[in-house]
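Protein chains in written order, with my numbering: chain A, 1 to 344; chain B, 1 to 344; chain C, 1 to 344; chain D, 1 to 344.
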């Protein structure tokens, strides 16, 4: 299998990670890179301010960037990855889907739309069936599929693993890395020797997206999970890796050992980028830590640790690489699922 | 009024802050500095690895350090400040109290003892009456008084301000500065581009100390507040200033405005080091921030912001300078209360 | 004496420091704040993203910002401080000088013009006489006066103190703080766990400006000092304070003691913002350090230390606060000199 | 070829890197791990506070650590790697050499001894012949071989490449990572938002070791290179990677292009850990940077960039990973040379 893929917004921070993951990918072949109109017509090397800590793949470096428009992308591209600013994505992604492309998008627009699958393959692969509803309603040949926000992805695989204990309520504090805001998103004056206890819109995303991901799909309609989720989001001076303190209130009152076992047993998906196991569980109470553990499973594994009982459930910490598992890798994984299940 | 004071453990990180606060203090005069046996006999300048970002006061620099033993401290010292490691404090502080000294201590030992006042003057000044119980039980002429842990002090003034709304349950995540672990407590390799989601014993301290501080004292016995408190503590790469994400479940379901008003109205104490107001409330959702706000009120003010409703109560963030309000300044403030109320 | 002053570019990082220094200034009264056209018409509080770690002075916060144009500034303003981007300064500053205002500017444009005084009052106050040449040549009633670049200011007071030993050659490496690039100048992804060994144009500025500052002025013409200066500039993850490693080759081969004495004896100027002494000399080999020493003398003192002999002269380190002594404070100090000597 | 190797001081920061490099090494097999007496007898997993950002190899984790004494190490170990504190190395390394072991050491003791080879294989492999002098003089069956200090190794490959232009004088400023001081060497309070312009003994090491490495060996005696070297060393808040600003005065006055060509042409050694090319030369003036470039060539490549002419020669920047190329990898590379050339 070789799937020809395009990347929308290829010069951004997530775009660069997408290229880093797609270039050596066994099943995908990069066939188009798009960026802003000013960048179009130039070699990728010239217009990307490459910041990933490995060189630009040589063939990518010499690719000519095109405009972010369906007419500029070859027709034989099978799958589009999108990491556009949401305001751009809102206008452009439906145009691609209408033009027949299947779009696996990391952008935040449309994630909560009723007929848009919001998917983490190891958690809710069955939600991908929403594409049929979407095609019916919108008359598209293509499709628009979303992965959740990076802070949501970090936590939800662990919540899914505990849902069988009766998940009732979640409190979560995040300690999020600066790369989550893009290359210029957090200035150094803002964050050196500092913490910023606010990330615009992030808390609402975690609260709503989590409930959609954990929701039930009956083949026609998706219902949100009824657990309450309350998030408090913080930016901290780390480069990559979102760490989260989670309190999960569980009806069945499982022991610490039960919870650790359930986390460790969370199933991976049978897809190239899905790690085995999905969740690495640490015994050490001071793990996971961003710099030490963000690259577990090539940046695709979720790490958890510090599980302890609280009066109403358990408290634990989890971590994932925010631009790999939490963004570019999440889109790639959804792309792998789309390819395997015949949606392209 | 001029009170002659001694400082136990004067060369440590908190000891240095104590000196910085005591040297210009209107009512206190430094009369003795103690340190480990190896340091005794030397000028303070030689044995303190001074790290506070203002020069050592000249008269302090040339003071000869003595051993941490009651016999080494002049009898006419009225008040002892202690910032010893808890294992040392456990042995030494009772010896000072027995020898007739009143000890205002920041060390963690004995904080939860039934007859030891654990006091934040603006919150529970009346608990200081426990000294009488203590003197009765232990036969001391002196006394041992404690301030809470730095992470507890940051939060409790805000909880006290909300207790009239019916405080039922607290979840709190902390983002704590490295100075809280002492000068060598956190290595740079541990914390640059990293976060450590564990601080040994800190969570238990926050949970128990908060309930003691908010508890009722009937003149003979202290009962703990019955709110559940669950803490998750993290070390982040900031120099000073503990930031905390607090969820407070409140029986009376107050509005955001009610909560902000209650925080802003928290009374200060009529003591030289108590700030006015006690809590600075920010409108901006991204404040308080450690580097920007830790020096409010000379490092003695608590800052709060980002108040928002949650399904079961409110969520907000608070901040205090961990080595001033959270340690050295807390002990000084207790010393001021002891002096004013005639306990010396 | 009360001098009415205006600030061009008042919302920027240096503009904020200017306000912080001017608001409590004994001789200056803020009478006008300018910014970009979009900000004009709004209260300063609304348009400044205030980042200095002390609150905005209340009266400044409610001042209405005007356009950066001579016609928008009251005629009775005596002195203009400018911290504009150099491309803007190039166009605007001459217009102010032509309109009769005396401009004390921190912007980099025009610093090396033959008839523009580039002044550090403690080093080359006599260069201010160039104003007469400037007025003759340009037909201005006002004047344009510059302070040097922040990295130049840090080093030149020490070089001036050593020039009597026969300064022949200088090598200098800088470790510069992120605030030198403005609030958004250095992204956090660029500098956390990193160093950037290049600051565009900075090395050339240090090399040429140093020679102008140390040059001789014969009343009509300024000749550059003939020492060779070679600089290598680096950005490091510090908030404020430029540290520099200097090698000075000195014809007279002075001892380390001679050099330390000469540094310590560098004369301050008889102006409100000039520190006494100008240079604080440390004995400790590991000082000065940015976080510990940048606020010496209210941020206006230069610190030096680690003096040692090398085969061809001496090596030492120096430090100054880059946005106070190196920018806003430098302009204010020049303003004080202009006021004292009757140039307004 | 399979060489049985032992590691002295295996639990330290460099010891951990040694294990990380030796475990997958094609020619070496770990046969003994030593540490302090308290650690001896325990599994490596229990006594190493593992800090490298990849898990401990499983077989190493379960190895029993022995005392750092020749009698505790099996006789059939062919090669010993040592990364002991120099005070320990001074006593122990000669004992191992006397007992017949060949020791490839990273410790700083004995580096400047006349009969001890100080070697970077790509630079001065021929100095390894000094072993014969050493065995003659000391009557050892084994041998003691050293690699230089991490800050020296970063620079010397570039100086060696330029020596044919007539190297006369070197000025160098270093911006060194915290890992160079070991896991607990630099406290976070010392270095967050700060720079320390002093590393005890480091400048003298760079000055003397460089001249030995670049010196001529006539088969019996080694003469130091006669270039003057003057270093100024700084600790900065980076985890790994020493960046250095170098000024090289060159008699032949080569062009920038000549210098870049010479750097790019520096020969690698025909050994498993020697990178190809030895020096990666960047065109971009802001490279190399520690976080971006320290892992080039698996951490064994030297990076250089920013070459520019100065009045007396050239200025450029260079970078190497201080605990791989600058320490553990340097010892391994010397071990590979010892094995290939039949010294074991």
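Heads up, the beta-carbon is just placed ideally off N, CA and C, and yes, glycines get one too.
- According to the DSSP secondary-structure assignment, residue 102(B) is paired through a beta bridge with 79(B) and 143(B).
- The continuous stretches of alpha helix (DSSP H) do not include residue 168(C), which lies in the beta strand (DSSP E) extending over residues 167-176.
- Look at residue 179(A) here: in three-state DSSP terms it is helix.
- In this chain, the alpha helix (DSSP H) harbouring residue 332(A) covers 329-340.
- Interface annotation, residue 293(B): not in contact with chain D, CB-CB separation never under 8 angstroms.
- Rounded to the nearest whole angstrom, the CA to CA distance from residue 310(B) to residue 78(C) is 55 angstroms.
- Scanning chain B for C-beta atoms nearer than 7 angstroms to the C-beta of residue 51(D) yields 189, reported in chain order.
- Within the model, the alpha-carbon separation for residue 63(D) versus residue 31(D) is close to 9 angstroms.
- Here residue 55(C) is exposed, its C-beta having fewer than 16 other C-beta atoms within 10 Å.
- Contact between the region 135-151 of chain C and the region 275-289 of chain C is not established, with fewer than three Cβ pairs separated by less than 8 angstroms.
- With respect to the C-alpha of residue 264(A), the residue from 162(A), 249(A) and 23(A) having the closest C-alpha is 162(A).
- Contact check for residue 270(C) against residue 177(C) fails: the beta carbons are separated by 8 angstroms or more.
- Residue 99(B) is a Cβ neighbour of residue 142(B), given a cutoff of 8 angstroms.
- Identification of chain B residues near residue 193(C) by a Cβ-Cβ cut-off of 8 angstroms yields 192 and 193, ordered along the chain.
- For residue 210(B), the enclosing alpha helix (DSSP H) begins and ends at 202-213.
- Per DSSP, residue 151(B) is one residue of the alpha helix (DSSP H) stretching across 150-162.
- Annotation: residue 215(A) to residue 101(A) spans about 27 angstroms, alpha carbon to alpha carbon.
- Check the Cα spacing between residue 199(A) and each of 157(A), 226(A) and 151(A): the tightest is with 151(A).
- With its beta carbon at least 8 angstroms from every one in chain B, residue 44(D) lies outside the interface.
- In this structure, the CA atom of residue 72(A) is about 6 angstroms from the CA atom of residue 66(A).
- Per DSSP, the continuous alpha helix (DSSP H) segment holding residue 22(A) begins and ends at 13-22.
- Contact annotation: residue 217(D) and residue 93(D) have beta-carbon atoms that are not nearer than 8 angstroms.
- Here residue 303(C) carries a strand assignment [DSSP, helix/strand/coil].
- At a cut-off of 8 angstroms between beta carbons, residue 183(C) contacts chain A.
- Around the beta carbon of residue 190(C), a 10 Å sphere encloses 16 or more other beta carbons of the protein chains shown; the residue is thus reported as buried.
- By the Cβ neighbour-count rule, residue 290(C) is buried, with 16 or more other Cβ atoms within 10 Å of its own.
- Beta-bridge partners of residue 231(C) (DSSP): 172(C).
- Between residue 255(A) and residue 81(A), the CB-CB gap reaches or exceeds 8 angstroms.
- One thing to note: residue 14(A) has its Cβ no nearer than 8 angstroms to the Cβ of residue 320(A).
- Across the structure, residue 337(B) and residue 29(B) are spaced so that their CA atoms are roughly 16 angstroms apart.
- In terms of CA proximity to residue 223(A), 212(A) leads the group 233(A), 229(A), 231(A) and 212(A).
- Secondary structure within the region 19-71 of chain D: the beta strand (DSSP E) runs of 3 or more consecutive residues, fully enclosed, are 28-35 (chain order).
- By the rule that beta-carbons nearer than 8 angstroms mark a contact, residue 179(D) touches chain B.
- When C-beta distances to chain C are compared with 7 angstroms, the residues of the region 215-238 of chain A below that value are 237, in chain order.
- As the crow flies, the alpha-carbon of residue 227(D) is around 20 angstroms from that of residue 253(C).
- Counting only Cβ-Cβ distances below 8 angstroms, residue 170(B) has no contacts in chain D at all, with the closest Cβ about 29 angstroms away.
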